[in-house]
Structure formats: C-alpha cells, structure tokens
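Asks: Sharing a structure here in structure tokens format.
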C-alpha cells in the first residue's frame, strides 16, 4: 500500500463538507478500484467546474457567462435576496417565481465577525434604486442571523419606497406538530391565516 | 446557474459509494465555492492515484511498485487471506502481525454468479506450494459468503499439509450483549476459552 499517494487522495476527499476519514477512504478506494476513464472524467469535471463557473455580475448566482440566464430572461422588478448561490437552486423549486435573485454571500454574524460591509448589501441598494425594483423578498434562512440580516436590510430599503417582504415562517408541510419546536409553532400562530 | 457543467460535476460525485444527489450537490458546490488551487490539487490527486496505484503482483495489495512493501519486507511463511485490498488496511491495525497477505478479489457468491474460478485461488495455492507457507489465516468477512469461501479454500489447502486458521468469531469489544444477534452469540459460545 503506497501510503503517500492514497493518503493524498483521502486528504482531498476529506476537504468535502461532512466527510470524515473513513468516508474519504471509501471514496478514494472507489476511485482506485474504478476504471481509468471514470477517474479521468471525474478529475476533468472538477477542473472544468472550477475554471468555467463563476458568479453572475448582477446577482451572484453561479454561471459560466457574465450574466446568468435568470438575470437575462426574468422580471427584474422583483428581487429575491438569499444568503448563498446554492439557495437560488432551492428557491427555483418554486416554479411560479418569475423574478430575479440577489446573493448576499453570507449573513450578518457578530460571532463570526461578519458585518454588513462584508455582504453584498451596497450592490443590492444600487440595484433597487437603479432598476426600479418594486419588491424585495428576503429569503435568508429562518434563523437568528437570517432574521437579523433581513431586518437590517429591510430598514435600509424602506427610505427607497420599495416593498420588502419575508418568506412566511411556520410549520413545514409533512412535518408533525408533536415534534415542532416552540419558536416555529409561535411563528406559525402569529402568521395564521383565515381559511376562506 | 449553468446546469450542464455543474450537473456534470454532481454526476461524478454521485458515482462515489453511498452518495445521493443532495450530497453530490453539496460536494460540487464546495468545489465551485472553494479556491482554484484546491480544485487543482483535488483533480490531480484523483488522476495520480488512478495512474500510479496498481495491484501488487504477489498479493494483490494496492501499491505504486511492482511488489508492495509488505511482500518485500515481511514473513512470507504466514499468509492472511482477505477479500479486498482495503481489508489489508483494516488488518494492519493488528500491529503484531508480521506475515503477508493474499487478496482474493471477491468471495464465492452463487447469487452474484461468482465462482471459485473468478477469485485468485489458483494463485494462492501456487504461493502456498512454492513458498513453503506454514500457516494460512482465512480473514474473509464473518458472513455466509466469507465463511463458505474460507471453508472451500481450507479444503483445497489441506492436501498441501499447511495449517489453515480462521479469525475468531465472537462478540465485539465494546459492544453490548443485549444487542448481539444470536449467530454472533452462539459463535462466541462455541469458541469460548478458559480463563487462566
């Protein structure tokens, strides 16, 4: 067993999120035991993605163009603000949404010493004032940092006269009330809607 | 979001054992969001491992040489027979073992249509008769296929006059009797040893 070369590969797999030594080892062995073409495809896909995929100049989405297809083709009057590019992928499951996005690249976090100046907030304000945006939907995560960031940005936006909304918070579809935490339940109670 | 390039990378990560779409996506995003140097190192490590690591001509272990360091430096009179190269890594935790290994590259499995002729059994018999092997330790997995394969090989070896042993089976260290299955318990009972 040549420890160095295999260990080097295991080390690389360990840099993936949530991967410990044992899992990284399994991944490495699967590469070594697999076909050469598979290793070549794998290796090339990593390089290609890193080389060609960058961030959209307008919204911060992943793209291999200067401006992503969403910014090019959709309604720029509605902007959905998310924490990270991958949140766009999640939001895109809402097939009826026709607006565009804005990635903050983080949330305000005093613990991690990340202030408003570290996020793409200036860029958002500029878009709102220059593009005639009518609604900004705050879709940061439903946690303390996400809420604080949403509130902070909403206050900055209010002088611009734009409508600012936040994703509804409540009990998740398919979950069981028995296991819902008290904050989720009280948010669901506060946001209750009349059945018509 | 350029679906094609990112999807291609996600697809590659999905070929890893036990990785579903969501996990593959997380891995892919971590590559795209990470540094260029990391992607380059990762990509190179995959290619290097696949290009340089092969199987030892004697025992079947992973190695970047013709003959692995274990076969070169250790006692060839004792051979530990395992199913796969990665089992050698597990067995090497037994620091007191000074013998060599022999990888079968599988176990006899009628269900998966794998017979004795698909395994490196001929090669094992050749080693045993030519190298003056004194003991063969069957370290195939403690399951039905592993047991059957061990028994099959032991019968082939018996005319050669070599001692054939099998890893002891019983309750695992640190486990709880309460949760042990009945086969494990009866094997532990059968193999019980006197406390001296």
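Residue numbers (my numbering), protein chains in the order written: chain Y, 1 to 196; chain U, 1001 to 1196.
Glycine included, C-beta positions come from ideal geometry on N, C-alpha and C.
Predicted model only: the values in this text are computed from it and were never measured.
#1: Does the Cβ of residue 1024(U) have 16 or more other Cβ atoms within 10 Å, making it buried, or fewer, making it exposed?
#2: Count the other C-beta atoms from every protein chain shown that fall within 10 angstroms of the C-beta of residue 957(U), then say buried if there are 16 or more, exposed otherwise.
#3: Quick one: Cα of residue 19(Y) to Cα of residue 1075(U), how far?
#4: Answer with buried or exposed for residue 65(Y), where buried requires no fewer than 16 other C-beta atoms within 10 angstroms of its C-beta.
#5: Please classify residue 1171(U): does DSSP put it in a helix, a strand, or coil?
#6: Is there contact between the stretch 1123-1137 of chain U and the stretch 1077-1087 of chain U, where contact requires at least three CB pairs shorter than 8 Å?
#7: Could you have a look at residue 53(Y) and say whether DSSP puts it in helix, strand or coil?
#8: So, helix, strand or coil for residue 146(Y), using DSSP?
#9: At least one CB of chain U closer than 8 Å to the CB of residue 15(Y): is that the case?
#10: Whose Cβ in chain U lies nearer than 9 Å to the Cβ of residue 48(Y)?
#11: I'd like the list of long-range same chain contacts for residue 125(Y), defined as Cβ closer than 8 Å, with 5 residues on each side in sequence excluded.
#12: Which term fits residue 85(Y), buried or exposed, when burial requires 16 or more other beta carbons within 10 angstroms of its beta carbon?
#13: Is DSSP giving residue 68(Y) helix, strand or coil here?
#14: Write down the C-beta distance between residue 1104(U) and residue 1088(U) rounded to the nearest angstrom, noting that I regard them as a contact closer than 8 Å.
#15: State the DSSP-derived secondary structure class of residue 1001(U), mapped to helix, strand or coil.
#16: Which full runs of the alpha helix (DSSP H) of 4+ residues lie inside the stretch 53-140 of chain Y, going along the chain?
#17: Check the DSSP bridge columns for residue 163(Y) and list the partner residues they point to.
#18: Would residue 114(Y) pass as an interface residue toward chain U - the criterion being a Cβ-Cβ separation below 8 Å?
#19: For chain U, is any of its Cβ atoms less than 8 Å away from the one on residue 108(Y)?
#20: For residue 24(Y), go through chain U and note every residue whose CB falls closer than 7 Å to its CB, in chain order.
#21: DSSP on residue 1015(U), reduced to helix/strand/coil?
#22: For residue 194(Y), name the three-state secondary structure that DSSP assigns.
#23: If you measure from the beta carbon of residue 1064(U) to each beta carbon in chain Y, is any gap under 8 Å?
#24: Could one say the Cβ of residue 1058(U) lies closer than 8 Å to chain Y's Cβ atoms, at least one of them?
#25: Do you know how far the Cα of residue 110(Y) is from the Cα of residue 194(Y)?
#26: Are residue 1060(U) and residue 1083(U) close, meaning C-beta to C-beta below 8 Å?
#27: Below 8 Å on the Cβ atoms is my contact criterion, and I expect residue 1032(U) with residue 53(Y) to pass it. Report the Cβ-Cβ distance as a whole number of Å.
#28: Mapping DSSP to helix, strand and coil, what is residue 35(Y)?
#29: Which residues in chain Y sit within 7 Å of residue 1012(U), going by Cβ to Cβ distance?
#30: When you compare only the Cα positions, how much space is there between residue 15(Y) and residue 1013(U)?
Replies: Let's see:
#1: By 1-based counting over the second chain, the position of residue 1024(U) is 24. The residue is buried, with at least 16 neighbouring Cβ atoms inside 10 Å.
#2: In the structure as shown, chain U starts at 1001 and stops at 1196, and residue 957(U) therefore has no counterpart that could be examined.
#3: Taking the first residue of the first chain as position 1, residue 19(Y) is located at position 19. Taking the first residue of the second chain as position 1, residue 1075(U) is located at position 75. So the alpha carbons of these two residues sit roughly 36 Å apart.
#4: Translated into the one-based positions of the first chain, residue 65(Y) becomes position 65. Residue 65(Y) comes out exposed.
#5: Position 171 of the second chain, counting from 1, holds the residue named residue 1171(U). Of the three classes helix, strand and coil, the one that applies to residue 1171(U) here is coil, per DSSP.
#6: yes
#7: The residue labelled residue 53(Y) in the question sits at position 53 within the first chain. Note: residue 53(Y) maps to coil in three-state DSSP.
#8: As a working note, residue 146(Y) is residue 146 in the first chain. Residue 146(Y): helix per DSSP, three-state reduction.
#9: Position 15 of the first chain holds residue 15(Y). Yes, residue 15(Y) lies at the interface with chain U (some Cβ there is under 8 Å from its Cβ).
#10: Taking the first chain and counting its residues from 1, the one referred to as residue 48(Y) is at position 48. The contacting residues are 1005, 1008 and 1009.
#11: As a position in the first chain, residue 125(Y) is number 125, starting the count at 1. Closer than 8 Å at the Cβ level, and outside the excluded window around residue 125(Y), lie 156, 157 and 160.
#12: Here residue 85(Y) refers to the residue found at position 85 of the first chain. Per the 10 Å Cβ criterion, buried.
#13: Indexing the first chain from 1 puts residue 68(Y) at position 68. It is coil, neither helix nor strand.
#14: In the second chain, residue 1104(U) corresponds to position 104, counting from 1. In the second chain, residue 1088(U) corresponds to position 88, counting from 1. That pair is no contact at about 12 Å.
#15: As a working mapping, residue 1001(U) is identified with position 1 in the second chain. At residue 1001(U) the pLDDT is 47, less than 50, meaning the model places this residue with poor confidence; the figure from the coordinates comes in the next sentence. Of the three classes helix, strand and coil, the one that applies to residue 1001(U) here is coil, per DSSP.
#16: 69-73, 85-91 and 121-130
#17: Locating residue 163(Y) in the first chain gives position 163, counting from the first residue. For residue 163(Y), which the question treats as bridged, DSSP gives the partners 135(Y).
#18: Start at 1 with the first residue of the first chain, and residue 114(Y) comes out as number 114. No, no contact with chain U.
#19: As a position in the first chain, residue 108(Y) is number 108, starting the count at 1. No, its Cβ sits nowhere closer than 8 Å to a Cβ of chain U.
#20: For the purposes of this step, residue 24(Y) is taken as the residue at position 24 of the first chain. Residues of chain U passing the Cβ test: none, with the nearest at roughly 10 Å.
#21: Locating residue 1015(U) in the second chain gives position 15, counting from the first residue. DSSP places residue 1015(U) in coil when its eight states are reduced to three.
#22: The residue given as residue 194(Y) occupies position 194 in the first chain. Note: residue 194(Y) maps to coil in three-state DSSP.
#23: Here residue 1064(U) corresponds to residue number 64 of the second chain, with the count starting at 1. Residue 1064(U) counts as touching chain Y.
#24: Taking the first residue of the second chain as position 1, residue 1058(U) is located at position 58. Not one chain Y Cβ lies under 8 Å of residue 1058(U).
#25: The residue you call residue 194(Y) lines up with position 194 of the first chain. The residue you call residue 110(Y) lines up with position 110 of the first chain. Rounded to whole angstroms, residue 194(Y) to residue 110(Y) spans 38 Å at the Cα level.
#26: Taking the second chain and counting its residues from 1, the one referred to as residue 1060(U) is at position 60. Taking the second chain and counting its residues from 1, the one referred to as residue 1083(U) is at position 83. Contact: no.
#27: For this step, residue 1032(U) is matched to residue 32 along the second chain. For this step, residue 53(Y) is matched to residue 53 along the first chain. Indeed, because the Cβ distance is near 5 Å, the residues count as touching under 8 Å.
#28: If you number the first chain from 1, residue 35(Y) lands on position 35. Coil at residue 35(Y), not helix or strand.
#29: By 1-based counting over the second chain, the position of residue 1012(U) is 12. Under the 7 Å cutoff, chain Y gives 41, 42 and 45.
#30: The residue you call residue 15(Y) lines up with position 15 of the first chain. The residue you call residue 1013(U) lines up with position 13 of the second chain. For residue 15(Y) and residue 1013(U), the distance between alpha carbons rounds to 14 Å.
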